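A quick write-up on the structure given underneath.
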Amino acid sequence: MTEPAALLTPGTPLAASAVPVAHEALAADEVVEGTPTAGYAVLDTLGDSEIGVWEMSVGTATDTEVDEVFVVISGRASIHYAADDRTVVVGPGDVVRLTDGMQTTWTITETLRKIYIS
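Just so you know, the sequence shown maps onto residues 8 to 125 in the numbering used here.
Structural data, given as structure tokens:
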């Protein structure tokens, strides 16, 4: 299978807010409330890491995380961490580190778009 062409060009800015992201319905066993959809677009790779844009619409869903750092560029959400029963609220400009295997519940109150490195 051929890898998709990188959207990033060295030295050239890319408007992350304008990158097209095709959404799909989430698996029924992940959805807690609403009818959220999500999607992502791979921008490039950096060594063994992938850089991309991820977006989720309004609703609540669970996830099992991979190692990732992300920066929220638009939208708002709360993320509940099952391991320590803690919830954080994120919005534009926030940077978050997730680790492999974390059990999370995302409640998106305004469609969330983030740049991730995983």
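Each residue gets a CB set at the ideal place from its N, CA and C atoms; glycine is no exception.
Since the structure is predicted, the reported quantities are computational estimates derived from the model, not experimental observations.
From which residue to which residue does the beta strand (DSSP E) around Thr112 run?
Gln110 to Ile124
Measure the alpha-carbon distance for Glu62 versus Val38 and round it to whole angstroms.
Rounded to whole angstroms, Glu62 to Val38 spans 15 Å at the Cα level.
Run through DSSP, which three-state label would Ser24 get?
helix
Tell me which residue opens and which closes the beta strand (DSSP E) that Glu57 is part of.
Ser56 to Met63
Ala99 burial status per 10 Å Cβ neighbour count (16 or more: buried)
Ala is not the amino acid found at residue 99; the sequence shown has Pro there. Burial call: exposed.
Could you compute how far the alpha carbon of Ile58 sits from the alpha carbon of Val95?
23 Å
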